[in-house]
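Notes follow the structure.
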Amino acid sequence: MWTTETRARHDRSKLRYPSDLTGDEWSLIAPLIPPAKRGGRERRKDERELVNGIMYVLSTGCQWRYIPKDLPPKSTLHDYLDLWNYDGTLTKIRHTLYMLCREQARREASPTACVIDSQSVKSAEKGGPASIRTAMMRARRSKARSGISLSIR
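Residue numbers (our numbering): 1266 to 1418.
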C-alpha cells in the first residue's frame, strides 16, 4: 500500500535516470560484484556506474549505440554484461534479491510448493513430448522421393 514512507522510499525523481540504483539498492548488490582480477589492471570504471549503464539499457530497451554519453562506453558495458553473465554474477545477484524479497514478504527463502496445471499432467500421462500434435511435427520424407537412397542390384 502506498504510504508517505513507501512513496519516499521508492521515489526516483532525484536520480539522474529512473533506472539508476539508489544507495539502498546498491548496498545490496555491491558485495556480489566480484573484484578485479589479481595481477591485472585496476578497474578504471566505477562498478556502480557499470551497473547503472546496464540497467539503463535493460530498462529502456535502447540500442547499445544510443547509450547516453554520461554513462560508460557501450563496449565497456557490453563486455561487463557478458563477463558477469558468463561467470555467474548476474545469476548470483538475481538469486540473492529473490531470496531477500521472499524473506521481506515473510516467506521462506526457497519456495516449498509447486503448481502444475491439469494440461501439463494430462500430456505427461500420455507420453509427454511424443503426444505433440502431428501438425507441429516435421513431415517425413520417403527415401524414394528424396533421391538420396541408393539402389543396390
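By construction, the Cβ of each residue, glycine as well, lies at the ideal position given by its N, Cα and C atoms.
Buried or exposed, going by whether 16 or more other CB atoms sit within 10 Å of the CB of residue i?
i            : result
residue 1396 : Bear in mind that the predicted position of residue 1396 carries a pLDDT of just 49, short of 50, making it too unreliable to give a figure here.
How long is the line joining the alpha carbons of residue i and residue j, rounded to whole angstroms?
i            : j            : result
residue 1270 : residue 1370 : 17 Å
residue 1367 : residue 1321 : 25 Å
residue 1318 : residue 1379 : 36 Å
residue 1335 : residue 1377 : 44 Å
residue 1360 : residue 1348 : 18 Å
residue 1275 : residue 1323 : 19 Å
residue 1333 : residue 1339 : 9 Å
residue 1310 : residue 1279 : 23 Å
residue 1272 : residue 1303 : 42 Å
residue 1293 : residue 1353 : 17 Å
So, at 8 Å on beta carbons, what are the nonlocal neighbours of residue i in its own chain, with the 5 sequence-adjacent residues on each side left out?
i            : result
residue 1315 : 1337, 1341, 1342, 1345
residue 1291 : 1313, 1316
Using a Cβ-Cβ cutoff of less than 7 Å, which residues in the same chain neighbour residue i once the five nearest sequence positions on both sides are dropped?
i            : result
residue 1382 : none
Between which two residues does the alpha helix (DSSP H) carrying residue i extend?
i            : result
residue 1325 : 1312-1325
residue 1340 : 1339-1351
residue 1290 : 1288-1294
residue 1367 : 1354-1369
Below 6 Å CB to CB, which residues in the same chain sit around residue i once its five sequence neighbours on both sides are set aside?
i            : result
residue 1277 : 1283
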